[in-house]
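J.: Protein chains in written order, with this note's numbering: chain A, 436 to 577; chain B, 6 to 389.
What follows is a single structure, and I will ask about it in a moment.
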Amino acid sequence: MSGTLLAPQHTALPYATPTRISAPFWDGVALGELRYQACTFCAFINVPPADVCRECQLTGLRWEVSAGRGSLYSWTVVYRPVTPAFEVVPYAPAIVDLDEGFQLVTCLVGIAPEDITPGMAVEVEFHRVHGDLHLPYFRPAG
Amino acid sequence: MSDPRAAIVGVHNTPQARRLEGTTSRKLISEAALGALDDAGLALADVDGVIGDIDTSSLIYDLRLGPAWQGGRFGVSAVPEAVSAVEAGEADVVLIVAAAAGTYNDRASTAPWTRPENEFVAPFGLFTAAEFALIARRHMIEYGTKPEQLATVAATIRNNGHHNPDAVYFGRGPFKPEDILASRMVADPFHLLDCAMTSEGGCALVVASADRIPDVATRPVYVLGASADYFGPAYRHPPSWDLAGRRGDHVNGQVGARAAERAFRRAGLSRRDVDVLELYDPFSFEIIRQLEAFGFCNPGEGGPFVEDGHIAITGSHPVTTDGGTMSFSHAGASPQMLQRVIRGVQQLRGQAGQLQVPGARVALCSGGGAGALFTSVVLLGTEA
């Protein structure tokens, strides 16, 4: 182990207002649940949430709760933040493969940039960033 | 029946600079449009079709071109759209124009066109460099592609710009791969010099029917084949190398492969027939990816392919000969893509100065990239 650990942001960030379709996902994050949609007809996982199943085109999507565990698919370490609102620099945007079979964009926390390895086991860690904004970050699995 | 062929008969770049003081996007559009029409030996009154950058219908009104055909495709795909419109008899002379100035003022943030607004992406601090880095990382994991190989791409393209008097970074080199690796890290594995710059400028092209070609001032350049691959909206979903659609033929990491196959088939050409590759270069790795996707080397071999001088101006596959978005210009979303086609036209006309690829007859131009979930391909030739 070496270096400073990556940490969550803690100021007002740019983010979009949830829609009718996405609100259950964000409500879940605020409650410490990582929710995703699965189709009741064909079982296809729809992430981000949808009105109609992207696979079978039927409208029978059901919210499930992920165990929040997976592996690291890809990552970067950003030293030049997109806006000054991202005060905690560097930060590490990543794509995680969840065990249930879908990918999420997130940021890694609780690890130094030089210790990140491809395929490493990760688990979700929820943070209230600012105001009503809660985000699902991922850390090395314990 | 008139001759159904259409050709690019006029091109123009306005001056490009990090900042063009005192100008606006709208002023640059007029300058670019008149410049390209002058290059073609045509006038505004000859134009009966328009593809604009953002608001084409306003442009038709403001240039007083109505009634005119209106197109809508983005980036390099606007060129085959214009050709199709002319060949289908929908218009005789199509003006394609785009410009940006005064739109990037908050320099504490990255450029506005690089920032996603989607709720599942924006709060994690992504922007184009990070999106494309997530793609590059997968290639490094799968194939062992090295930062030095990415740096070789950036040094090669920046050295082209170093020799291009019209480039924003003219005379700012020469660069060695070590210089790229020594620049500060932006989004690992991309150093500052692995990334496009931001700048201001405008550009335009004129596409006209063969009926008018005897009148035009310059040598026509033909679109021999073209297509575009899309996986979905840019910057809303994870920029995943392995994103696949239900046909399962190509993953997002190979986006543009389907388009290139179709363009080459239509043109009746092979990869060996291409003299110059005016590839879109938002980030160094994207060149390695496109060389693979377009079939110039095998999957995973793009890193070694760029190492041995293949892609230099004197090599077998010279790429991005004006200096691209890293050194020539990167103004707004659309101009920088259209400029790949403009450079292809300049090469085929023999107007590339000391960066001329001798005897260039076929150019491949591209736009987009896997980080943005789309890639467009246009094959240009001196003969229809």
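For each residue, glycine too, the CB sits at the ideal point set by N, CA and C.
All values reported here derive from a predicted model rather than from experimental measurement.
Check the DSSP bridge columns for Tyr240 (chain B) and list the partner residues they point to.
T.: Partner(s): none; Tyr240 (chain B) has no beta bridge.
J.: According to the neighbour-count rule (16 or more other Cβ atoms, all chains shown, within 10 Å of its Cβ), is Ala127 (chain B) buried or exposed?
T.: When all chains shown are included, Ala127 (chain B) counts as buried.
J.: Tell me the rounded alpha-carbon separation between Leu360 (chain B) and Asp67 (chain B).
T.: Distance between the alpha carbons of Leu360 (chain B) and Asp67 (chain B) is about 37 Å.
J.: Distance cutoff 8 Å, beta carbons only. Does Tyr526 (chain A) sit that close to anything in chain B?
T.: Yes, Tyr526 (chain A) lies at the interface with chain B (some Cβ there is under 8 Å from its Cβ).
J.: Using 10 angstroms around the beta-carbon of Pro340 (chain B), count the other beta-carbons present and answer buried if the total reaches 16, otherwise exposed.
T.: Answer is buried; the Cβ neighbour count reaches 16.
J.: Between the Cα of Leu197 (chain B) and the Cα atoms of B:Val52, B:Thr330 and B:Phe129, which residue gives the shortest distance?
T.: The residue with the shortest Cα to Cα distance from Leu197 (chain B) is B:Thr330.
J.: Where are the alpha helix (DSSP H) runs, 4 residues long or more, that stay fully inside the region 448-518 of chain A, in chain order?
T.: Within the region 448-518 of chain A, the complete alpha helix (DSSP H) runs of at least 4 residues are 458-465.
J.: Considering Val350 (chain B), what are the terminal residues of the alpha helix (DSSP H) in which it resides?
T.: Pro340 to Arg354 is the span of the alpha helix (DSSP H), which, as asked, contains Val350 (chain B).
J.: Can you tell me whether DSSP reads Ser275 (chain B) as helix, strand or coil?
T.: If DSSP states are grouped into helix, strand and coil, Ser275 (chain B) belongs with coil.
J.: Measuring CB to CB, does His501 (chain A) end up less than 8 Å from Tyr526 (chain A)?
T.: According to the sequence shown, residue 501 (chain A) is Ser rather than His. Result no, Cβ atoms of Ser501 (chain A) and Tyr526 (chain A) do not sit closer than 8 Å.
J.: Would you kindly check if the distance between the Cβ of Thr326 (chain B) and the Cβ of Arg348 (chain B) is under 8 Å?
T.: Yes.
J.: State the beta-bridge partners of Trp74 (chain B) as determined by DSSP.
T.: DSSP lists B:Gly54 as partners of Trp74 (chain B).
J.: Taking the Cβ atom as the reference point for each residue, do Val191 (chain B) and Cys370 (chain B) lie within a distance shorter than 8 Å?
T.: Not a contact, by the Cβ cut-off of 8 Å.
J.: For the region 503-526 of chain A, list every residue whose C-beta sits within 8 Å of some C-beta in chain B, in sequence order.
T.: The residues in question are Tyr508, Ser509, Trp510, Thr511, Val512, Val513, Tyr514, Arg515, Pro516, Val517, Thr518, Pro519, Phe521 and Tyr526.
J.: Measuring only the C-alpha atoms, how far is Thr28 (chain B) from Ala106 (chain B)?
T.: Each residue's alpha carbon lies about 7 Å from the other.
J.: Rounded to the nearest angstrom, what separates Asp44 (chain B) and Asp60 (chain B) at their Cα positions?
T.: The alpha-carbon atoms of Asp44 (chain B) and Asp60 (chain B) are separated by roughly 24 Å.
J.: Smallest Cα separation from Gly230 (chain B): which of B:Leu274, B:His322, B:Pro182 and B:Pro287?
T.: Here the closest residue by C-alpha is B:Leu274.
J.: Under 8 Å, do Thr380 (chain B) and Gly261 (chain B) count as touching if we go by C-beta distance?
T.: A contact, by the Cβ cut-off of 8 Å.
J.: Scan the region 466-478 of chain A for residues whose Cβ lies nearer than 8 Å to a Cβ of chain B and list them as they occur along the chain.
T.: If the cut-off is 8 Å between Cβ atoms, the region 466-478 of chain A has nothing near chain B.
J.: For Ile146 (chain B), which residues in chain A fall below 7 Å Cβ to Cβ?
T.: The contacting residues are Pro553.
J.: Return helix, strand or coil for Met6 (chain B), following the three-state DSSP convention.
T.: With a pLDDT of only 46 at Met6 (chain B), under the threshold of 50, the placement of this residue in the model should not be trusted; the figure read from the coordinates follows. Three-state result, Met6 (chain B): coil.
J.: Using the DSSP secondary-structure output, state which residues sit across from Glu558 (chain A) in a beta bridge.
T.: According to DSSP, which records beta bridges pairwise, Glu558 (chain A) is partnered with A:Arg504 and A:Arg574.
J.: When you compare the region 238-251 of chain B with the region 70-89 of chain B, are there three or more beta-carbon pairs, one atom per stretch, that lie closer than 8 Å?
T.: Flag = no, the region 238-251 of chain B and the region 70-89 of chain B do not touch.
J.: In whole angstroms, what is the alpha-carbon distance linking Glu266 (chain B) and Phe299 (chain B)?
T.: Answer to the nearest angstrom: the Cα atoms are 7 Å apart.
J.: Can you give me the start and stop residues for the beta strand (DSSP E) that Pro528 (chain A) sits inside?
T.: That run of the beta strand (DSSP E) goes Ala527 to Leu533.
J.: If you measure from the beta carbon of Ser457 (chain A) to each beta carbon in chain B, is any gap under 8 Å?
T.: Yes, Ser457 (chain A) lies at the interface with chain B (some Cβ there is under 8 Å from its Cβ).
J.: Check the Cβ of Ala556 (chain A) against every Cβ in chain B and list those closer than 8 Å, keeping chain order.
T.: In chain order: nothing, as chain B lies at least about 16 Å away.
J.: Quick one: give me the first and last residue of the beta strand (DSSP E) that Asn18 (chain B) is part of.
T.: That run of the beta strand (DSSP E) goes Ala11 to Asn18.
J.: Can you find a CB in chain A that lies within less than 8 Å of the CB of Val191 (chain B)?
T.: For Val191 (chain B), the answer is yes, since a Cβ of chain A falls inside 8 Å of its Cβ.
J.: Give, in chain order, every unbroken run of the beta strand (DSSP E) that is at least 3 residues long and sits entirely within the region 244-270 of chain B.
T.: Taking only runs of at least 3 residues, no beta strand (DSSP E) segment lies wholly in the region 244-270 of chain B.
J.: Any contact between the region 546-562 of chain A and the region 6-24 of chain B? By contact I mean 3 or more CB pairs, one from each, below 8 Å.
T.: The region 546-562 of chain A, when compared against the region 6-24 of chain B, does not touch it at the 8 Å Cβ threshold.
J.: According to the Cβ coordinates, are Gly505 (chain A) and Leu440 (chain A) closer than 8 Å?
T.: Contact flag unset, no.
J.: List, in chain order, every chain A residue whose beta-carbon is nearer than 7 Å to that of Asn123 (chain B).
T.: Here the neighbours are Ala451.
J.: Going along chain B, which residues have a C-beta under 9 Å from Leu570 (chain A)?
T.: Within chain B, the residues near Leu570 (chain A) are Pro128 and Phe129.
J.: With a threshold of 8 Å between beta carbons, is Met6 (chain B) in contact with chain A?
T.: For Met6 (chain B), the predicted model reports a pLDDT of 46, less than 50, meaning its position is unreliable and no value from the coordinates is stated.
J.: How far does the beta strand (DSSP E) with Gln538 (chain A) in it reach, from first residue to last?
T.: Start and end: Phe537 to Leu543.
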